[in-house]
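Enquirer: Got a structure here, written out as structure tokens. Questions coming.
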Amino acid sequence: MSIDTDEMIIDTKGVKVNFGDFWALKGIDISVRKGEIIVILGPSGSGKSTFIRTLNRLQPHSAGTVVIDGITVDDDTTVADMKYVRAEIGFVFQLFNLFPHLTVMENITLAPMKVKGIPKREAEDQAMVLLERVGIPEQAYKYPSALSGGQQQRVAIARALAMDPKIMLFDEPTSALDPEMIKEVLDVMIDLAKEDVTMIVVTHEMGFAMAVADRVILFDEGELVEQNTPAEFFDNPQHKRTKLFLEQIL
Amino acid sequence: MSLRGLDTDSFLELEESIAGKPGGRWVTPSNNTQLSLLAISLALACGLFGGVWEGFLPNGFFELVAEAEAEGASPLYAQIFGTFSAIALVFAWWVTMTALIKWTPGKTRTTALLGIVTAWIIVVAVRGLSHFVLVEADWSVVWANRVLLIVGQQMTEQMTQAPGSESCIAVSNCYGVNQNWRLWWILYPTFAIFAAAYGTAGKKPWRFLVPFTLVIFVLMLVSWVPSEINFHSEVPLTNLLKAMLLSYLVYGASYYYCSRSEEYKANRLRTYIALGAIFTFFFAIMIMNPPELVKDLAVTLGGIPPQGMREAIMAGDVVPSTLDKLAGDGIKASQWGGLFVNLIVATAGCVLGFGIGVVLAFGRQSDQPFFSLPSVALIELVRSGPLICWLWFAVFLMPDLMDPFYDAEDIIRMLLMFGVFGGCYIAEVLRGGLQAVDSGQKEAAVALGLSPFQTKMQVELPNAVRTTLPSIVSVFIGLWKDTTLLFIINILDFFKLAKDLPATDLRFLGNFLEPLYVTAIVFWVFAFYLSRVSMGIEKNLGLVREGGGEAA
Numbered sequence: 001m002s003i004d005t006d007e008m009i010i011d012t013k014g015v016k017v018n019f020g021d022f023w024a025l026k027g028i029d030i031s032v033r034k035g036e037i038i039v040i041l042g043p044s045g046s047g048k049s050t051f052i053r054t055l056n057r058l059q060p061h062s063a064g065t066v067v068i069d070g071i072t073v074d075d076d077t078t079v080a081d082m083k084y085v086r087a088e089i090g091f092v093f094q095l096f097n098l099f100p101h102l103t104v105m106e107n108i109t110l111a112p113m114k115v116k117g118i119p120k121r122e123a124e125d126q127a128m129v130l131l132e133r134v135g136i137p138e139q140a141y142k143y144p145s146a147l148s149g150g151q152q153q154r155v156a157i158a159r160a161l162a163m164d165p166k167i168m169l170f171d172e173p174t175s176a177l178d179p180e181m182i183k184e185v186l187d188v189m190i191d192l193a194k195e196d197v198t199m200i201v202v203t204h205e206m207g208f209a210m211a212v213a214d215r216v217i218l219f220d221e222g223e224l225v226e227q228n229t230p231a232e233f234f235d236n237p238q239h240k241r242t243k244l245f246l247e248q249i250l
Numbered sequence: 251m252s253l254r255g256l257d258t259d260s261f262l263e264l265e266e267s268i269a270g271k272p273g274g275r276w277v278t279p280s281n282n283t284q285l286s287l288l289a290i291s292l293a294l295a296c297g298l299f300g301g302v303w304e305g306f307l308p309n310g311f312f313e314l315v316a317e318a319e320a321e322g323a324s325p326l327y328a329q330i331f332g333t334f335s336a337i338a339l340v341f342a343w344w345v346t347m348t349a350l351i352k353w354t355p356g357k358t359r360t361t362a363l364l365g366i367v368t369a370w371i372i373v374v375a376v377r378g379l380s381h382f383v384l385v386e387a388d389w390s391v392v393w394a395n396r397v398l399l400i401v402g403q404q405m406t407e408q409m410t411q412a413p414g415s416e417s418c419i420a421v422s423n424c425y426g427v428n429q430n431w432r433l434w435w436i437l438y439p440t441f442a443i444f445a446a447a448y449g450t451a452g453k454k455p456w457r458f459l460v461p462f463t464l465v466i467f468v469l470m471l472v473s474w475v476p477s478e479i480n481f482h483s484e485v486p487l488t489n490l491l492k493a494m495l496l497s498y499l500v501y502g503a504s505y506y507y508c509s510r511s512e513e514y515k516a517n518r519l520r521t522y523i524a525l526g527a528i529f530t531f532f533f534a535i536m537i538m539n540p541p542e543l544v545k546d547l548a549v550t551l552g553g554i555p556p557q558g559m560r561e562a563i564m565a566g567d568v569v570p571s572t573l574d575k576l577a578g579d580g581i582k583a584s585q586w587g588g589l590f591v592n593l594i595v596a597t598a599g600c601v602l603g604f605g606i607g608v609v610l611a612f613g614r615q616s617d618q619p620f621f622s623l624p625s626v627a628l629i630e631l632v633r634s635g636p637l638i639c640w641l642w643f644a645v646f647l648m649p650d651l652m653d654p655f656y657d658a659e660d661i662i663r664m665l666l667m668f669g670v671f672g673g674c675y676i677a678e679v680l681r682g683g684l685q686a687v688d689s690g691q692k693e694a695a696v697a698l699g700l701s702p703f704q705t706k707m708q709v710e711l712p713n714a715v716r717t718t719l720p721s722i723v724s725v726f727i728g729l730w731k732d733t734t735l736l737f738i739i740n741i742l743d744f745f746k747l748a749k750d751l752p753a754t755d756l757r758f759l760g761n762f763l764e765p766l767y768v769t770a771i772v773f774w775v776f777a778f779y780l781s782r783v784s785m786g787i788e789k790n791l792g793l794v795r796e797g798g799g800e801a802a
């Protein structure tokens, strides 16, 4: 988990998001180096999901700047740049959001074929490699509805990886899963963390945070409360809010 | 109430549920069965011999048969009529007698009265209907014109007055070439598509093969029984037979493929079949009246239009090949007729309508006023007017709009109008489906980098179609019935022809009810079939568990 360069692949300054009068994010400054693995913690409604959704503009921000790999993401971003940014970022949803009308294989090959124009055969070979990596090559020609939740989430990870992203965003990937399925998904994510992929993971899995994170961040009420290395964060929290949060969940 | 094991107990249960529970003090568990037998015997006696004593009771079987024969029905028909009526009569008498003998009104008044009244209403309905069908009606008006009803005036003439037909007495009143080969070219792919589609359904083979074979046999009967038709029935017979065999093959292949491969392959086959169906529709229109392009191509390939060689063909010197026929003029749309027109217009409503519906549904959802305003305007305009208005519009105003580009005939404009009309309704159905697509689906597509257009076509539309397919089929059913409105603008569709059938021959004068009954039945059969298809689709959708991720 060495960090090769000091280059900032994600750089946000003063990011604010409002839904009417409610400010979900009240100015977030986070910079992420290439290859860094970040875990974002926080109670429900603290804005952590909203924050990672602003990074690939599933959620437009109302103020501040978001720069991904040198490209400023806002209303003026060109279509080509936006396409580049989205191809750079793989997104894994809480509810998997697999396409129910497509097989596992088609779910994975859809974007590479349609967005990158990769030939079908090549895309399928690549998809098989990814499915082996997430451990379910035998499910390739089934429909998502025939898979368990953990398997579906692993397909969703493979689908995101198929675009060969530099950044992977995980939005509570295990919180919709049965307890016995959480491990199989976390194992895939831990494997992934060993590679040169930048990851931001919104989760409640403290074990995962302690094991793989380079940095742990706590969000509360739309603000960044504390960020530190996992060891410091869990053993020696600086803020009262952090202590309270850790008391409640540990 | 079980009809399978009709022992004494279950019979008594059935009796109680229809005639009511015994209320007379004289009914005891020991004599209950005897009283039932007494009621049945009395009912049989009344049903068979009623009315023989000068109208003392309503007529029974023998009396009805005698009356029917007196009215001129053949003995066989009279017997069938008597049997149907007698079954209803015996049933009604049985209910009445049981109620009286066991005095069921004393205990369950409502059940007893409802039972008796319903039973006698059934008698009136069955006796009236079978009297009309078997005694009064003269079905020869429909039977004699069955070919006309199916393919219309022009093609019937082609069939009956082509060389070799009995009506072709003098060269001057004969057609050089029988154009009905075009029908067979449509018949083959249509049957094949049906067979292939049923092959993918994954049901037991006999559930397709038995009804399908029956339908073919009915069609064969219609074209084969020589009474009242004067064409050589070998052609339709051999073609139907070949089409049937082709369908069996296609069904077998499709069934085998689907039972052997995984579900996604079957789904892919279904997509190809749907595309094949759309292709067949356009192919049918093309083959009926080939555009100049096709005719020129056939000429280039060496075909000689047979129209110029009429005399030689009549004399039997020249036998036109398929290529020659293809090079010749087709049948103008204005000369199409019969059930064929209803089918092709309804299909146009479905095929074009679905395409137009998809465009309009997305147009209406668009953020761009350039797309959304025209879509909303068209949908609201078309939906707020009755179809008749739009058919008149197609007749009188559409030519002014279209003529500079395309001089369309009446039926072609009808096809377009039905497409637009159906499209507007389908657009609204689809819009509901599109709005119901889970937002996570769209987000996933966007996050993967799909463009808005790709998201719509690859993710939103398939999801929306899957959920709204049953509603779309019910729009199709509506369109199918609406095709009868074509008669208003003097297109000789099935309904219009049926209405005019009594005028085809002096001996049919006044027989205007029979064709209309047949029309009603034919339309009901098709609509009922479609609704069964819709139910099947619904079931299939239920089997493929919905939801993907949402299921968790």
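So the protein lines, in turn, are chains V and G. Number 235 in the numbering used here belongs to position 235 of the first sequence; there are no gaps in the numbering. Number 454 in the numbering used here belongs to position 204 of the second sequence; there are no gaps in the numbering. A virtual CB, placed ideally from N, CA and C, is assigned to each residue, including glycine.
Where does Arg215/V fall in DSSP's three states?
Expert: Against the first sequence, residue 215/V aligns to sequence position 215. It is a strand residue.
Enquirer: Which runs of the alpha helix (DSSP H) at least 4 residues long sit entirely within the region 321 to 369 of chain G? Give them in chain order.
Expert: 325 to 351
Enquirer: Quick one: what does DSSP say Glu232/V is sitting in, helix, strand or coil?
Expert: Counted from its first residue, the first sequence places residue 232/V at position 232. It is helical.
Enquirer: Taking Cβ-Cβ distances below 7 angstroms as the criterion, which residues of the region 694 to 714 of chain G are in contact with chain V?
Expert: Ala694, Val696, Ala697, Leu698, Gly699, Leu700, Gln704, Gln708, Val709, Pro712, Asn713
Enquirer: Whose C-beta lies closer than 7 angstroms to the C-beta of Ile662/G among residues of the same chain, with five residues either side of it excluded?
Expert: Walking along the second sequence from the start, residue 662/G turns up at place 412. Excluding sequence neighbours, Ile662/G sits near Ala583.
Enquirer: Please list the terminal residues of the continuous beta strand (DSSP E) segment that includes Lys453/G.
Expert: Position 203 of the second sequence, counted from the start, is the residue given in the question as residue 453/G. First-last for Lys453/G: undefined, no H or E at that position.
Enquirer: Give, in chain order, every residue of the region 498 to 530 of chain G whose Cβ lies closer than 7 angstroms to some Cβ of chain V.
Expert: Glu512, Glu513, Tyr514
Enquirer: For Ser148/V, does the three-state DSSP call read helix, strand or coil?
Expert: As a working note, residue 148/V is residue 148 in the first sequence. Note: Ser148/V maps to coil in three-state DSSP.
Enquirer: For Val794/G, I'd like the list of residues in its chain whose CB is within less than 7 angstroms of its CB, leaving aside the five on either flank, ordered along the chain.
Expert: Your numbering for residue 794/G matches position 544 in the second sequence. Residue placement at Val794/G is poorly supported in this model, since its pLDDT is 46, which falls under 50; the coordinates still yield a value, given next. Answer for Val794/G: no residue qualifies.
Enquirer: For the alpha helix (DSSP H) that Trp435/G lies in, which residues bound it at each end?
Expert: As a working mapping, residue 435/G is identified with position 185 in the second sequence. Here the alpha helix (DSSP H) through Trp435/G covers 431 to 449.
Enquirer: What first and last residue would you give for the beta strand (DSSP E) that runs through Val92/V?
Expert: Numbered from 1 along the first sequence, position 92 holds the residue referred to as residue 92/V. Taken as a continuous stretch (DSSP letters only), the beta strand (DSSP E) holding Val92/V covers 89 to 92.
Enquirer: Going along chain G in order, which residues have a C-beta closer than 7 angstroms to the C-beta of Ala111/V?
Expert: Counting from 1 along the first sequence, the entry for residue 111/V is found at position 111. Neighbours of Ala111/V on chain G, chain order: Leu698, Gly699, Leu700.
Enquirer: Kindly list the residues whose CB is nearer than 7 angstroms to the CB of Lys789/G, restricted to its own chain and excluding five residues on each side of it in sequence; keep chain order.
Expert: For the purposes of this step, residue 789/G is identified with residue 539 of the second sequence, where counting begins at 1. There are no such residues.
Enquirer: From which residue to which residue does the beta strand (DSSP E) around Leu25/V run?
Expert: Here the question's residue 25/V lines up with position 25 in the first sequence. Run containing Leu25/V: 22 to 33, per the beta strand (DSSP E) assignment.
Enquirer: With 16 as the cutoff for other CB atoms within 10 Å, does Gly70/V come out buried or exposed?
Expert: For this step, residue 70/V is matched to residue 70 along the first sequence. With fewer than 16 Cβ atoms within 10 Å of its Cβ, Gly70/V is classed as exposed.
Enquirer: So does the region 152 to 160 of chain V actually touch the region 102 to 112 of chain V, counting three or more Cβ pairs closer than 8 angstroms?
Expert: Yes, the region 152 to 160 of chain V touches the region 102 to 112 of chain V.
Enquirer: According to DSSP, is Ala658/G helix, strand or coil?
Expert: Start at 1 with the first residue of the second sequence, and residue 658/G comes out as number 408. Ala658/G: coil per DSSP, three-state reduction.
Enquirer: Can you name, in chain order, every residue of its own chain whose Cβ lies under 6 angstroms from the Cβ of Leu298/G, other than the five neighbours on each side?
Expert: Counting from one through the second sequence, the residue named residue 298/G turns up at place 48. Contacts found: Gly310, Phe311.
Enquirer: Could you check whether the Cβ of Asp617/G sits closer than 9 angstroms to any Cβ belonging to chain V?
Expert: The sequence position of residue 617/G within the second sequence is 367, counting from 1. No, because no Cβ of chain V sits closer than 9 angstroms to the Cβ of Asp617/G.
Enquirer: Can you give me the Cβ contacts of Pro540/G inside the same chain, cut-off strictly under 7 angstroms, excluding the 5 residues immediately before and after it?
Expert: Here the question's residue 540/G lines up with position 290 in the second sequence. Leu576, Gly580, listed in sequence order.
Enquirer: Can you find a C-beta in chain G that's less than 9 angstroms from the C-beta of Phe219/V?
Expert: Within the first sequence, numbered from 1, the residue matching residue 219/V stands at position 219. No, no contact with chain G.
Enquirer: Which residues of chain G have a Cβ atom closer than 9 angstroms to the Cβ of Met163/V, listed in chain order?
Expert: Translated into positions along the first sequence, residue 163/V becomes position 163. Those within 9 angstroms of Met163/V in chain G are Leu698, Gly699.
Enquirer: Report yes if the C-beta distance between Phe331/G and Leu314/G is below 9 angstroms; otherwise report no.
Expert: Taking the second sequence and counting its residues from 1, one reaches residue 331/G at position 81. Taking the second sequence and counting its residues from 1, one reaches residue 314/G at position 64. Here Phe331/G is near Leu314/G, since their CB atoms are less than 9 angstroms apart.
Enquirer: Along the region 543 to 560 of chain G, where does the CB come closer than 7 angstroms to a CB of chain V? Name the residues.
Expert: none
Enquirer: Give the interface partners of Thr103/V over in chain G, defined as CB-CB distance under 7 angstroms, in chain order.
Expert: What you label residue 103/V is simply residue 103 of the first sequence in a count that begins at 1. Going along chain G in sequence order, the residues near Thr103/V (Cβ under 7 angstroms) are Tyr514.
Enquirer: Do Val39/V and Val201/V have their C-beta atoms closer together than 9 angstroms?
Expert: In the first sequence, residue 39/V corresponds to position 39, counting from 1. In the first sequence, residue 201/V corresponds to position 201, counting from 1. Yes; because the gap between Cβ atoms is below 9 angstroms, this pair is in contact.
Enquirer: From the DSSP output, in three-state form, read off Ile167/V for me.
Expert: The count along the first sequence starts at 1 and reaches residue 167/V at position 167. DSSP places Ile167/V in strand when its eight states are reduced to three.
Enquirer: With a threshold of 9 angstroms between beta carbons, is Arg716/G in contact with chain V?
Expert: Position 466 of the second sequence holds residue 716/G. Taking Cβ atoms only, chain V reaches closer than 9 angstroms to Arg716/G, which makes this a yes.
Enquirer: Short of 6 angstroms in beta carbon distance, which residues of its chain neighbour Phe531/G, apart from the five on each side in sequence? Order them along the chain.
Expert: Position 281 of the second sequence, counted from the start, is the residue given in the question as residue 531/G. Thr597, Val601, listed in sequence order.
Enquirer: Cβ of Gly683/G less than 9 angstroms from any chain V Cβ?
Expert: Taking the first residue of the second sequence as 1, we reach residue 683/G at position 433. No, no contact with chain V.
Enquirer: Could you compute how far the alpha carbon of Gln248/V sits from the alpha carbon of Thr242/V?
Expert: As a position in the first sequence, residue 248/V is number 248, starting the count at 1. As a position in the first sequence, residue 242/V is number 242, starting the count at 1. Their backbone Cα atoms lie some 10 angstroms apart in a straight line.
Enquirer: Taking the beta carbon of Gly798/G as the centre, do at least 16 other beta carbons fall within 10 Å, making it buried, or is it exposed?
Expert: One-based indexing of the second sequence puts residue 798/G at position 548. Model confidence at Gly798/G stands at a pLDDT of 36, short of 50, so the residue's coordinates are unreliable; what they give is reported in the following sentence. With 16 or more Cβ atoms within 10 Å of its Cβ, Gly798/G is classed as buried.
Enquirer: For Ala87/V, which residues in chain G fall below 7 angstroms Cβ to Cβ?
Expert: Numbered from 1 along the first sequence, position 87 holds the residue referred to as residue 87/V. Per Cβ cutoff of 7 angstroms: Gly699.
Enquirer: With three or more beta-carbon pairs closer than 8 angstroms as the criterion, would you say the region 717 to 733 of chain G touches the region 663 to 676 of chain G?
Expert: These segments touch.
Enquirer: Check the C-beta distance from Gly27/V over to Gly47/V and give it rounded, since I have them as a contact under 8 angstroms.
Expert: For the purposes of this step, residue 27/V is taken as the residue at position 27 of the first sequence. For the purposes of this step, residue 47/V is taken as the residue at position 47 of the first sequence. At roughly 11 angstroms, the Cβ-Cβ gap does not stay under 8 angstroms, so Gly27/V and Gly47/V are not in contact.
Enquirer: Suppose you measure from the CA of Ile11/V to the CA of Lys166/V; what does that come to, to the nearest Å?
Expert: Translated into positions along the first sequence, residue 11/V becomes position 11. Translated into positions along the first sequence, residue 166/V becomes position 166. One point to set straight first is that residue 11/V is Asp, not Ile, in the sequence displayed. So the alpha carbons of these two residues sit roughly 14 angstroms apart.
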